[in-house]
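Comments concern the structure below.
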Ligand SMILES: [Mg+2]
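Residue numbers (the numbering used here): 59 to 462.
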């Protein structure tokens, strides 16, 4: 089989409300690039990448001269064809590779009539658990609804998500308000949901000292882990030496070089595997094997996803024996998806692993066209700016907190 074409389409899909984070916000919608890899056998595979626009579409088009004629089953060859580690000093294509890898796995599964998890060693579970992903939110621009700012709003939002989706693990995305305020928020969640598990993630915004203070103040709670409380491997190492909660990261161990450093001189206990950041599902599976050997924890990370990327997370989660934590997904914040049948459904805080051939999802062409048109109308947005604070940007470690 040979690749005959690569197409990329930027789309934007609305969220229920703008999601705040340490660097700014998702401004009420996600921008994603949907990738289609076509073959000479008439089979098309789908991939997805975060962000988009003309430059992202051009980057995918630019890889056609490398990959047209390539056999989509030759995934290790594709890695070296476009992501040779020394050539990548000049052309960092990790995230492009990830989207193309999803598409090639989709093609392989469709050709062989098996789900992607069967190509990854088979599944050890039928459903993957997810945490409620609690964000501080700005009100929706049109309706004025959806704000999460006060402790009361946060606990109410968490209760609604728990009732609607069945979550029993709650992740608080912080790094927005002063640490003392977010500490009070986190403690309020622990008090309101005493049987549930918790995790806090300020995206590396705290100083080492603030992170230690925060961590020590929550040591007695039902914490899964303390996720990127501060920036940098050595910052994480200093926090880890002073706080009795496992540390976790999706920022400072996102490739094999960093994983090796983390094993030689430990800073992080739980590695959050992101199918985009690591360059695909298969690198995550390889990293999970290294973590299994060294008995480091793993979990499924979310960098924002529509259904194609969610499928990549579900097939990975299905195949990992050492997955001891609920995964993260932004998915429940979306108003819609581009899949036939609409959004995938949660049950008891879990989503079923797709069973159809390939990624097991079918893209709705009308919705793809609709959200591509919406992108043409709205364009992109600056992920690292806050619509509520014009001119603002953070420091690392931050001290320019929003006012609760
Ligand atoms: Mg994180």
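Even glycine gets a Cβ: it sits at the ideal position worked out from N, Cα and C.
*Just mark residue 461 as buried or exposed, buried being the case when its beta carbon has 16 or more other beta carbons within 10 Å.*
In the chain shown, residue 461 corresponds to position 403, counting from 1. With fewer than 16 other Cβ atoms within 10 Å, it is exposed.
ask   = When the Cα of residue 302 is compared with those of 144, 308, 74, 280, which residue comes out closest?
value = Taking the first residue of the chain shown as position 1, residue 302 is located at position 244. Checking every option, the nearest Cα to that of residue 302 belongs to 280.
Please classify residue 134 as buried or exposed, where buried requires at least 16 other C-beta atoms within 10 Å of its C-beta. Taking the chain shown and counting its residues from 1, the one referred to as residue 134 is at position 76. Residue 134 is exposed by the Cβ-count criterion.
Go ahead and pull the three-state DSSP assignment for residue 443. On the chain shown, residue 443 is found 385 positions in, with the first residue counted as 1. If DSSP states are grouped into helix, strand and coil, residue 443 belongs with coil.
Exercise. Within 10 angstroms of the Cβ of residue 292, are there 16 or more other Cβ atoms? Answer buried if so, exposed if not.
Key: What you label residue 292 is simply residue 234 of the chain shown in a count that begins at 1. Its Cβ having fewer than 16 others within 10 Å, residue 292 is exposed.
Q. Looking at C-beta atoms only, is the number of pairs between the stretch 95-111 and the stretch 218-236 that lie closer than 8 Å three or more?
A. no
So is the beta-carbon of residue 363 under 7 Å away from any non-hydrogen atom of ligand 1?
The sequence position of residue 363 within the chain shown is 305, counting from 1. Residue 363 Cβ: outside cutoff for every heavy atom of ligand 1.
Distance CB(residue 349)-CB(residue 329) smaller than 8 Å: Your numbering for residue 349 matches position 291 in the chain shown. Your numbering for residue 329 matches position 271 in the chain shown. Result yes, Cβ atoms of residue 349 and residue 329 sit closer than 8 Å.
Which runs of the beta strand (DSSP E) spanning at least 3 residues fall entirely within the stretch 407-453, listed in chain order? 408-410
Could you tell me which residues DSSP puts in a beta bridge with residue 230? Working through the chain shown from its first residue, we reach residue 230 at position 172. The partner list for residue 230 (beta bridge, DSSP) reads 192, 258.
*asked:* Restricting to runs no shorter than 4 residues, where is the alpha helix (DSSP H) found entirely within the stretch 234-293?
replied: 237-250, 266-275
### Query
Looking only at its own chain, which residues have a Cβ that is under 6 Å from the Cβ of residue 212, when we skip the five neighbours before and after it?
As a working note, residue 212 is residue 154 in the chain shown. So the qualifying residues of the chain are 206, 243.
(Q) Whether or not the stretch 115-133 and the stretch 383-401 are in contact is what I'm after, with contact meaning three or more pairs of Cβ atoms, one per stretch, closer than 8 Å; do they touch? (A) no
Closest residue to residue 109 among 441, 459, 241, 167 (Cα-Cα distance) = To locate residue 109, count along the chain shown from 1; it is residue 51. Cα-wise, what sits closest to residue 109 is 441.
Checklist entry - Are the stretch 430-440 and the stretch 69-89 touching by the rule of at least three beta carbon pairs closer than 8 Å? => result Yes, the stretch 430-440 is in contact with the stretch 69-89.
Between residue 332 and ligand 1, is there a pair consisting of the residue's CB and a ligand heavy atom that are separated by less than 7 Å? The residue labelled residue 332 in the question sits at position 274 within the chain shown. Because no heavy atom of ligand 1 lies under 7 Å away, the Cβ of residue 332 does not count as near it: no.
request  = Look up residue 160 in the DSSP assignment and say whether it is helix, strand or coil.
outcome  = Your numbering for residue 160 matches position 102 in the chain shown. DSSP places residue 160 in helix when its eight states are reduced to three.
- Query: How big is the Cα-Cα spacing for residue 123 and residue 256?
  - Reply: Counted from its first residue, the chain shown places residue 123 at position 65. Counted from its first residue, the chain shown places residue 256 at position 198. Computed Cα separation, rounded: 47 Å.
Restricting to Cα atoms, I'd like to know which of 202, 235, 173 is closest to residue 412.
By one-based count along the chain shown, residue 412 stands at place 354. The residue with the shortest Cα to Cα distance from residue 412 is 173.
**Prompt:** Taking DSSP as the reference, what is the three-state secondary structure of residue 77?
**Reply:** Position 19 of the chain shown, counted from the first residue, corresponds to residue 77. Strand, per DSSP.
Worksheet item: Roughly how many angstroms separate the alpha carbons of residue 98 and residue 227, rounded to a whole number?
Response: In the chain shown, residue 98 corresponds to position 40, counting from 1. In the chain shown, residue 227 corresponds to position 169, counting from 1. Looking at the two C-alpha atoms, the distance is approximately 45 Å.
>> If the criterion is Cβ atoms closer than 8 Å, does the pair residue 459 and residue 235 meet it?
In response: Taking the chain shown and counting its residues from 1, the one referred to as residue 459 is at position 401. Taking the chain shown and counting its residues from 1, the one referred to as residue 235 is at position 177. Yes, they are a contact pair.
**OP:** Give the straight-line distance between the Cα atoms of residue 375 and residue 269, rounded to the nearest whole angstrom.
**Re:** For the purposes of this step, residue 375 is taken as residue 317 along the chain shown, with counting starting at 1. For the purposes of this step, residue 269 is taken as residue 211 along the chain shown, with counting starting at 1. Whole-angstrom Cα-Cα distance: 30 Å.
Is the separation between the beta-carbon of residue 161 and that of residue 94 shorter than 8 Å?
Along the chain shown, one-based indexing puts residue 161 at 103. Along the chain shown, one-based indexing puts residue 94 at 36. Closer than 8 Å, so yes.
Distance, residue 140 Cα to residue 407 Cα: As a position in the chain shown, residue 407 is number 349, starting the count at 1. As a position in the chain shown, residue 140 is number 82, starting the count at 1. Between residue 407 and residue 140, the C-alpha separation is close to 37 Å.
- Message: Helix, strand or coil for residue 178? Go by DSSP, reduced to three states.
- Response: Sequence index remark: in the chain shown, residue 178 carries index 120 (1-based). Residue 178 falls in the coil class under three-state DSSP.
Q.
Please report the distance separating the alpha-carbon of residue 186 from that of residue 377.
A. The residue labelled residue 186 in the question sits at position 128 within the chain shown. The residue labelled residue 377 in the question sits at position 319 within the chain shown. When rounded, the distance between both Cα atoms is 10 Å.
| request: State whether the stretch 416-429 contacts the stretch 446-457, with contact taken as three or more CB pairs (one from each stretch) at a distance under 8 Å. | output: No, they do not touch.
For this session: Give the DSSP-derived three-state secondary structure of residue 378 in the structure shown.
Result: By 1-based counting over the chain shown, the position of residue 378 is 320. Residue 378 falls in the coil class under three-state DSSP.
- Task: Using 7 Å as the cut-off, classify the Cβ of residue 285 as near or not near the heavy atoms of ligand 1, replying yes or no.
- Result: Here residue 285 refers to the residue found at position 227 when the chain shown is read from its first residue. Yes, Cβ of residue 285 sits closer than 7 Å to a heavy atom of ligand 1.
When every heavy atom of ligand 1 is checked, does at least one fall within less than 7 Å of the C-beta of residue 308? For the purposes of this step, residue 308 is identified with residue 250 of the chain shown, where counting begins at 1. Yes, Cβ of residue 308 sits closer than 7 Å to a heavy atom of ligand 1.
Assign residue 300 to buried or exposed, taking buried as 16 or more other Cβ atoms, counted over all protein chains shown, within 10 Å of its Cβ.
-> Against the chain shown, residue 300 aligns to sequence position 242. Flag for residue 300 reads exposed.
- Query: Buried or exposed: where does residue 261 fall if 16 or more other Cβ atoms within 10 Å of its Cβ makes it buried?
  - Reply: Translated into the one-based positions of the chain shown, residue 261 becomes position 203. Residue 261 should be labelled buried.
Can you give the Cα-Cα distance for residue 208 and residue 428, rounded to whole angstroms? On the chain shown, position 150 is the one that residue 208 refers to. On the chain shown, position 370 is the one that residue 428 refers to. Distance between the alpha carbons of residue 208 and residue 428: 35 Å.
Report task. Just the C-alpha distance for residue 284 and residue 309, rounded to the nearest angstrom, thanks. Result -> For the purposes of this step, residue 284 is taken as the residue at position 226 of the chain shown. For the purposes of this step, residue 309 is taken as the residue at position 251 of the chain shown. One C-alpha to the other measures close to 13 Å.
task = For residue 207, name the three-state secondary structure that DSSP assigns.
result = Walking along the chain shown from the start, residue 207 turns up at place 149. Coil, per DSSP.
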